[in-house]
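Undergrad: Submitted below is the structure of interest, expressed as structure tokens.
Number of protein chains: 2
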Amino acid sequence: MAKTTAARKSKAAAPRQEHTTETPDALGARSNPLDGVIGYKVRRAQVAIFQDFIHHFKEVDLRPAEFSVLRILHETPGLKHAEVAGMLGIKRTNFVSLMDALEKRGLATRRKSGTDRRSHALHLTPKGEALLGEAMKLFETHENGLIRKLGGEEVRDQLLELLSRITEE
Amino acid sequence: MAKTTAARKSKAAAPRQEHTTETPDALGARSNPLDGVIGYKVRRAQVAIFQDFIHHFKEVDLRPAEFSVLRILHETPGLKHAEVAGMLGIKRTNFVSLMDALEKRGLATRRKSGTDRRSHALHLTPKGEALLGEAMKLFETHENGLIRKLGGEEVRDQLLELLSRITEE
DNA sequence: TATTGTTATACTCTATAACTATA
DNA sequence: TATAGTTATAGAGTATAACAATA
């Protein structure tokens, strides 16, 4: 691997394993000084995963965020806009068009809440439940492909745990 | 529902203790069915890292991709558009405006190549080298913060290795 | 013919301000 | 006053088609 530029000295105790992977100088991928950069690697992985997702989900025409909304509303029906947006990690203002699209396709609905007439209780329609069923099969294929690449479910769990350390605070 | 989201008892990846955070059902962060999804976690981590990057790089006004270009041209001067774009993982057509901005700020230059007059040899200016020097210090701070969160450089290397398994193929 | 840089364009994702209707 | 949903808008990031100069 590429020894991130200079400073790599701190904590002399850390055993420096040499890791002799001779990364090939392929087409658009010559070895570059970014290979040891966490953000770069995470972004490249995210792009690769989302592309694979889109590829697998072509027949149900769902993007990652849309699929996530369906899953959330399936697991916890009746949530409000702000709640679902929060779980997705997007602004509530950007959730509107997302929910519009799902409603327009007849996959989800907004019901006026009885307790607070400002908010909406969000639910899947039967058609939404049916499409989610289809989508879950495609998701299994997609996710299992990733798990296989990683080396199994335990490695997957290990990766998720490491990523949580970055996200948590 | 998901079979993949089951079994979650793997031992932590690295030399780091159990960290008994009883994940609070905080503001926009109630426990949700996406927590075991690789793509979701990777995306959340990527967003968090980039936000932290932007925050640290405010005083040099460089976004991740721009900083990456400076680093690449510092390490390997004379590369062509298509080569740098390939290392960044973006289309060459989208690299043009990125390079335009760097050139307009006087940080990098395009020189006509002698061997192939279609292409440009890209170089940093002295001003670009100087700004990169400043930026590298900010980068160290940013990156060291991530490494500390992860639990050390070995854990970082472990994460990079797992992410490579996804990207490689 | 193929490739390099380029323009134009469009679509997605994200971010901010301000409005409305409720509370 | 504050909150939930909404609209409008602007900025990045990414994708495709097509063109001129050069190979």
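Heads up: the sequence lines are chains X and C, in that order. If you're matching positions, the first sequence starts at 1 in my numbering and goes up one per residue. If you're matching positions, the second sequence starts at 170 in my numbering and goes up one per residue. Using N, Cα and C, we set each Cβ at its ideal position, and we do this for glycine too. Remember, predicted model here, so these are calculated numbers, not experimental data.
Around the C-beta of ASP326 (chain C), are 16 or more other C-beta atoms found within 10 angstroms, so that it is buried, or is it exposed?
TA: Along the second sequence, read from residue 1 onward, the residue named residue 326 (chain C) stands at position 157. With 16 or more other Cβ atoms within 10 Å, it is buried.
Undergrad: Which residues, in chain order, does the segment 40 to 51 of chain X contribute to contact with chain C at a C-beta distance below 8 Å?
TA: Answer in chain order: TYR40, LYS41, VAL42, ARG43, ARG44, ALA45, GLN46, VAL47, ALA48, ILE49 and PHE50.
Undergrad: Could you check what DSSP says for THR109 (chain X) in three-state terms: helix, strand or coil?
TA: The residue given as residue 109 (chain X) occupies position 109 in the first sequence. DSSP places THR109 (chain X) in strand when its eight states are reduced to three.
Undergrad: What is the rounded straight-line gap between the Cα of LYS210 (chain C) and the Cα of PHE50 (chain X)?
TA: Taking the first residue of the second sequence as position 1, residue 210 (chain C) is located at position 41. Taking the first residue of the first sequence as position 1, residue 50 (chain X) is located at position 50. When rounded, the distance between both Cα atoms is 12 Å.
Undergrad: So, HIS289 (chain C) versus LYS296 (chain C), is the Cβ gap smaller than 8 Å?
TA: For the purposes of this step, residue 289 (chain C) is taken as the residue at position 120 of the second sequence. For the purposes of this step, residue 296 (chain C) is taken as the residue at position 127 of the second sequence. Contact: no.
Undergrad: Run down chain C in chain order and give the residues with a C-beta less than 7 Å from the C-beta of PRO64 (chain X).
TA: As a working note, residue 64 (chain X) is residue 64 in the first sequence. Ordered by position in chain C, the residues that pass the 7 Å Cβ test against PRO64 (chain X) are GLY208.
Undergrad: Between which two residues does the beta strand (DSSP E) holding LEU307 (chain C) run?
TA: Within the second sequence, residue 307 (chain C) is the residue found at index 138, counting from 1. From DSSP, LEU307 (chain C) is part of no beta strand (DSSP E) but of the alpha helix (DSSP H) over 295 to 319.
Undergrad: Within 10 Å of its beta-carbon, does GLY133 (chain X) have 16 or more other beta-carbons around it, so buried, or fewer, so exposed?
TA: For the purposes of this step, residue 133 (chain X) is taken as the residue at position 133 of the first sequence. So GLY133 (chain X) ends up on the exposed side.
Undergrad: Counting only runs that start and end within the segment 71 to 106 of chain X, where is the alpha helix (DSSP H) found for 4 or more residues in a row?
TA: Segments of the alpha helix (DSSP H) lying fully in the segment 71 to 106 of chain X: 81 to 88 and 92 to 104.
Undergrad: Using only CA atoms, which one of C:GLU323, C:ARG287, C:PRO233 and C:ARG274 lies nearest to GLY258 (chain C)?
TA: Here residue 258 (chain C) is taken as the residue at index 89 of the second sequence, counted from 1. Per the Cα distances, C:PRO233.
Undergrad: Got a sec: which bits of the segment 138 to 155 of chain X sit with their beta carbon under 9 Å from any beta carbon on chain C, in order along the chain?
TA: Of all residues in the segment 138 to 155 of chain X, PHE139, GLU140, HIS142, GLU143, ASN144, LEU146, ILE147, LYS149, LEU150, GLY151, GLU153, GLU154 and VAL155 have a Cβ within less than 9 Å of some Cβ in chain C.
Undergrad: Taking C-beta pairs closer than 8 Å, name the residues in chain C that ASN94 (chain X) reaches, listed in chain order.
TA: Locating residue 94 (chain X) in the first sequence gives position 94, where the first residue counts as 1. Neighbours of ASN94 (chain X) on chain C: none; closest Cβ ~13 Å, over 8 Å.
Undergrad: Is the CB of PHE226 (chain C) under 8 Å away from at least one CB in chain X?
TA: For the purposes of this step, residue 226 (chain C) is taken as residue 57 along the second sequence, with counting starting at 1. So, not an interface residue.
Undergrad: Rounded to the nearest angstrom, how far is the Cβ of VAL60 (chain X) from that of LEU131 (chain X), given a contact under 8 Å?
TA: On the first sequence, position 60 is the one that residue 60 (chain X) refers to. On the first sequence, position 131 is the one that residue 131 (chain X) refers to. Contact flag correct, Cβ pair sits at about 6 Å.
Undergrad: Listing by chain order, which chain X residues have their CB less than 7 Å from the CB of PRO202 (chain C)?
TA: Working through the second sequence from its first residue, we reach residue 202 (chain C) at position 33. In chain order: ARG71, ILE72 and GLU75.
Undergrad: Could you tell me which chain X residues have their CB closer than 8 Å to the CB of LEU331 (chain C), listed as they occur along the chain?
TA: On the second sequence, position 162 is the one that residue 331 (chain C) refers to. The answer, in chain order, is LEU150, VAL155, GLN158, LEU159 and LEU162.
Undergrad: Residues of chain X with CB closer than 8 Å to the CB of ILE335 (chain C), please, in chain order.
TA: Walking along the second sequence from the start, residue 335 (chain C) turns up at place 166. Here the neighbours are ALA45, ALA48, ILE49, LEU146, LYS149 and LEU150.
Undergrad: Which residue or residues does DSSP assign as beta-bridge partners of LEU122 (chain X)?
TA: Taking the first residue of the first sequence as position 1, residue 122 (chain X) is located at position 122. Answer is X:ARG110.
Undergrad: Using a Cβ cut-off of 8 Å, pull out every chain C residue sitting near SER119 (chain X), in sequence order please.
TA: The residue you call residue 119 (chain X) lines up with position 119 of the first sequence. Here the premise fails: no neighbours, minimum Cβ distance about 15 Å.
Undergrad: Nearest to THR188 (chain X) by alpha carbon, out of X:GLN46, X:ARG44, X:GLY36 and X:HIS56?
TA: The structure shown has nothing for residue 188 (chain X), since chain X only spans 1 to 169.
Undergrad: Confirm, please, whether the CB-CB distance from LEU79 (chain X) to LEU122 (chain X) is below 8 Å.
TA: Within the first sequence, the letter at position 122 stands for residue 122 (chain X). Within the first sequence, the letter at position 79 stands for residue 79 (chain X). Yes, these two residues count as a Cβ contact at 8 Å.
Undergrad: From ARG274 (chain C) to GLU337 (chain C), what distance separates their C-alpha atoms?
TA: By 1-based counting over the second sequence, the position of residue 274 (chain C) is 105. By 1-based counting over the second sequence, the position of residue 337 (chain C) is 168. When rounded, the distance between both Cα atoms is 35 Å.
Undergrad: Assuming LEU242 (chain C) contacts LEU293 (chain C) under a Cβ cut-off of 8 Å, what Cβ separation, rounded to an integer in Å, is found between them?
TA: Within the second sequence, numbered from 1, the residue matching residue 242 (chain C) stands at position 73. Within the second sequence, numbered from 1, the residue matching residue 293 (chain C) stands at position 124. The Cβ separation is near 5 Å, so the contact holds.
Undergrad: Does DSSP put LEU160 (chain X) in a helix, a strand or coil?
TA: As a working mapping, residue 160 (chain X) is identified with position 160 in the first sequence. In the structure shown, LEU160 (chain X) sits in a helix (DSSP, three-state: H, G or I).
Undergrad: Give the C-beta separation of VAL174 (chain X) and PHE67 (chain X) to the nearest angstrom, bearing in mind that I take them to be a contact with Cβ-Cβ under 8 Å.
TA: Because residue 174 (chain X) is not part of the residues shown, which for chain X are 1 to 169, the question remains open.
Undergrad: I need the DSSP call for GLU168 (chain X), collapsed to helix, strand or coil.
TA: Sequence index remark: in the first sequence, residue 168 (chain X) carries index 168 (1-based). In the structure shown, GLU168 (chain X) sits in coil (DSSP, three-state: anything other than H, G, I, E or B).
Undergrad: State yes or no: is the beta carbon of SER282 (chain C) nearer than 8 Å to at least one beta carbon in chain X?
TA: Residue 282 (chain C) sits at position 113 when you count from the first residue of the second sequence. So, not an interface residue.
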